[in-house]
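Student: Protein chains in written order, with the numbering used here: chain P, 38 to 431; chain D, 55 to 337.
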């Protein structure tokens, strides 16, 4: 149980002779931030994780989330900045002395040891008494429901069972910080959902600080107290799941969080009689009071914008003047909802329509090839700068 | 497709089967039969019962060769494998020039045994004469040590390559997990690396055991069995029995010794494979 603080943490992979000789194009160099110093994998990360908090690092492949986690674990050298665990600087402390435990994506269970031996291993290395080891292993096995597999070797276990053992090996030591590197990525969708719930339950039973890495935004949203969204080694936004969903800081966060992803349109921000409105395809959408206030506070002038609306916030509309029109390309029946892919405003718009809300007349509109009208409220519209992608309300 | 292949099975099976029967099974069975005979050529063989085997098992030189070979095999297997594993460990720590070192260590294996034997004969005899000690062929303990040095020099590089492959196949996650669990380098070696390179250990032990038992050309070139058959290993003893003496009886004795030798090597290899295979793990 401890507070973890990352101050200006940086990771640079030094240029090797080979990489110096490689002639990549400038765009590639820009994307990977290749400087004279080397390749910049993580850039000045600042993050304060409170005691017993569950923090999720989320982002696409290569965004630096695993590198950050590995720096906290001590598996990667920290190129710059300070890492503090429980108030102590940990930059040069070897992994075994950081009082952390880690669950790997590949489980990393020792194949020549039984489940019990795997779980006993860290305790034996720390010279715990036999009774204490037995007690802790039995307790962890009971929490994770793996008592009956204790004498099996990892190869005789399923993916989900192996994952439980890996978690068991991590929690027997009662570490200050529990690190998890995409622990559910190797599981099938059904098992992943089940294990996600198990981790939530586990979190309630063991009081420790969690740092969890995933590329799956659903995992991030359901598990984290706060989510850290990363891209190209830079933190894009830190916030609770609700905050990042409702108030994305930029286009990347808006597009990354939420499934299906947010719809974006080229639109115009206009101001009439002191009121901000978004104009899209001739339809004017009045923004909510909160948005009016935020935009006014930042002194935003009328300009071209990228307008973002989540698929679940769009409603079908018969009003020909106040709705945007498009043609249904694909209609996907998901059971409780229909996902419509509509060709509107020159791009693909996804609309989620709850089936229980559909009248027979509207149901006919959801068939591929039909023309539909839709609209959305100004309170759910997100206004982004067209050039920088930054949310203009921030 | 499968049906068509099944239809033409003789085309695929017969060439290999014929080669196996003609090139291996028939000569082996004939050799087995000849080990019970007195013969000069294989078509003029007279049945001699178990006399050849009784002679082979009671001959002092053959018994001495067996113990000498066994001792040599044990010592060389231990030396080769410990040194090869240690070098493999050193050369899998990403420092500069590892590939060059790997090539250098592997090179002695490319030179034939007879050539190596003569080179080391000259080298060791030079050193011994400078130190004022008896030469290899005049003092059996030096001959023994010379053979061990020669075998180590020749085989360490080969075994090293197998160990390097084994060490590199250990997933990095195991080592990282162990370092987080609190394992020191020594513990990582004993508790993680060695159990996970058991397949390589099995192969290397098998190769060095069988190579040790079957050693012939290095033995012939380095000491030639001198002094007075004291450094004569089993293969050289069989060769000397078969080709070194004239008379129908000696061929039979040599053949019986060869069969005993074959059984011995197979038995030791199987025991070793069984012992180490049981410790192998599937990742």
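Think of the CB as a built atom: it goes at the ideal place given N, C-alpha and C, for glycine as much as any other residue. Values in this document were obtained by computation on a predicted structure and should not be read as measured data.
Please give the ranges of any beta strand (DSSP E) in the stretch 86 to 143 of chain D, keeping only runs that are unbroken, at least 3 residues long and fully inside the region.
Tutor: With a minimum length of 3 residues, the continuous beta strand (DSSP E) runs that stay inside the stretch 86 to 143 of chain D are 91 to 93, 99 to 101.
Student: So, does the CB of residue 231 (chain D) fall closer than 8 Å to a CB anywhere in chain P?
Tutor: So, interface residue.
Student: Across which residues does DSSP place residue 384 (chain P) in a beta bridge pair?
Tutor: The partner list for residue 384 (chain P) (beta bridge, DSSP) reads P:381.
Student: Candidates P:84, P:108, P:300: which alpha carbon is nearest residue 131 (chain P)'s?
Tutor: The residue with the shortest Cα to Cα distance from residue 131 (chain P) is P:108.
Student: Counting only Cβ-Cβ distances shorter than 7 Å, please list the residues of the stretch 207 to 226 of chain D near chain P, keeping chain order.
Tutor: Those residues of the stretch 207 to 226 of chain D that come within reach of chain P (Cβ to Cβ, closer than 7 Å) are 225.
Student: Please name the residues in the stretch 144 to 166 of chain P whose beta-carbon is closer than 7 Å to at least one beta-carbon of chain D, in chain order.
Tutor: Per Cβ criterion, the list reads 145, 147, 148, 149, 158, 159, 162, 163.
Student: Assuming residue 218 (chain P) is part of the beta strand (DSSP E), what are its boundary residues?
Tutor: Residue 218 (chain P) -> beta strand (DSSP E) spans 214 to 218.
Student: What's the C-alpha gap between residue 239 (chain D) and residue 376 (chain P)?
Tutor: Looking at the two C-alpha atoms, the distance is approximately 55 Å.
Student: Could you give the residue range of the beta strand (DSSP E) that holds residue 273 (chain P)?
Tutor: Residues 271 to 276.
Student: Using a beta-carbon distance below 8 Å, is residue 329 (chain D) in contact with chain P?
Tutor: Chain P, which has no Cβ nearer than 8 Å to the Cβ of residue 329 (chain D), makes this no.
Student: Can the beta-carbon of residue 209 (chain P) be found closer than 8 Å to that of residue 122 (chain P)?
Tutor: Not closer than 8 Å, so no.
Student: With DSSP collapsed to three states, give me the class of residue 88 (chain P).
Tutor: Here residue 88 (chain P) sits in coil by DSSP.
Student: For residue 237 (chain D), return the contacting residues in chain P, with the cut-off set at a CB-CB distance below 9 Å.
Tutor: Result: 133, 158, 159, 162.
Student: Could you check what DSSP says for residue 317 (chain D) in three-state terms: helix, strand or coil?
Tutor: If DSSP states are grouped into helix, strand and coil, residue 317 (chain D) belongs with the helices.
Student: At which residue ranges does the stretch 141 to 215 of chain D contain complete alpha helix (DSSP H) runs of 4 or more residues, listed in the order of the chain?
Tutor: With a minimum length of 4 residues, the continuous alpha helix (DSSP H) runs that stay inside the stretch 141 to 215 of chain D are 152 to 160, 167 to 185.
Student: Once DSSP output is grouped into helix, strand and coil, what is the label at residue 180 (chain P)?
Tutor: Helix.
Student: Any idea if residue 149 (chain P) is buried or exposed, counting beta-carbon neighbours within 10 angstroms, 16 or more meaning buried?
Tutor: So residue 149 (chain P) ends up on the buried side.
Student: Going by DSSP, name the residue or residues bridged to residue 376 (chain P).
Tutor: In DSSP, residue 376 (chain P) forms a bridge with P:369, P:389.
Student: Could you compute how far the alpha carbon of residue 273 (chain D) sits from the alpha carbon of residue 113 (chain D)?
Tutor: Going by the C-alpha atoms only, they are around 20 Å apart.
Student: Does the pairing of the stretch 386 to 402 of chain P with the stretch 295 to 304 of chain P give three or more beta-carbon distances under 8 Å?
Tutor: At 8 Å Cβ cutoff, the stretches touch.
Student: Using only alpha-carbon positions, find the residue among D:311, D:228, D:267 that is nearest to residue 201 (chain D).
Tutor: When each option's Cα is compared against that of residue 201 (chain D), the closest is D:267.
Student: Between residue 141 (chain P) and chain D, is the shortest Cβ-Cβ distance under 8 Å, so that the two count as touching?
Tutor: Yes, residue 141 (chain P) lies at the interface with chain D (some Cβ there is under 8 Å from its Cβ).
Student: Assign residue 294 (chain D) to one of two classes, buried (16 or more other C-beta atoms within 10 Å of its C-beta) or exposed (fewer than that).
Tutor: It is buried - the Cβ of residue 294 (chain D) has at least 16 other Cβ atoms within 10 Å.
Student: On the CB-based measure, 16 or more other CB atoms within 10 Å of its CB, does residue 104 (chain P) come out buried or exposed?
Tutor: Flag for residue 104 (chain P) reads buried.
Student: Please list the partners that residue 246 (chain D) has in chain P, where partner means a Cβ-to-Cβ separation under 7 Å.
Tutor: Chain P residues near residue 246 (chain D): 147.
Student: Using three-state DSSP, classify residue 297 (chain D) as helix, strand or coil.
Tutor: Helix, per DSSP.
Student: Can you pull the chain P neighbours of residue 250 (chain D), defined as C-beta to C-beta under 9 Å?
Tutor: Within chain P, the residues near residue 250 (chain D) are 147, 148, 149.
Student: Return the bridge partner residues of residue 326 (chain P) from the DSSP annotation.
Tutor: Answer is none; residue 326 (chain P) lacks a bridge partner.
Student: Considering only the alpha carbon of each residue, which of P:193, P:220, P:346 lies closest to residue 106 (chain P)?
Tutor: Considering only alpha carbons, the answer is P:220.
Student: Could you tell me how far apart the beta carbons of residue 345 (chain P) and residue 381 (chain P) are, in whole angstroms, since I believe they sit closer than 8 Å?
Tutor: Not confirmed; about 15 Å, so no contact.
Student: Touching or not, the stretch 84 to 96 of chain P and the stretch 236 to 256 of chain P, by the rule of three or more beta carbon pairs under 8 Å?
Tutor: Enough Cβ pairs lie closer than 8 Å, so yes.
Student: Take every Cβ of the stretch 296 to 306 of chain D, pair it with every Cβ of the stretch 80 to 99 of chain D, and state whether three or more of those distances are shorter than 8 Å.
Tutor: Cβ pair count under 8 Å is three or more, so yes.
Student: Throw me the rounded Cβ distance for the residue 202 (chain P) and residue 258 (chain P) pair, which I believe falls under 8 Å.
Tutor: Between residue 258 (chain P) and residue 202 (chain P) the Cβ distance is about 27 Å, and since that is not below 8 Å, they are no contact.
Student: When we look at the beta-carbon of residue 419 (chain P) and count the other beta-carbons within 10 Å, is it buried (16 or more) or exposed?
Tutor: Label assigned to residue 419 (chain P): buried.
Student: Does the pairing of the stretch 281 to 290 of chain P with the stretch 136 to 150 of chain P give three or more beta-carbon distances under 8 Å?
Tutor: Counting Cβ pairs under 8 Å, fewer than three are found: no touch.
Student: Hey, how far is the Cα of residue 151 (chain P) from the Cα of residue 161 (chain P)?
Tutor: Approximately 14 Å, taken between the alpha carbons.
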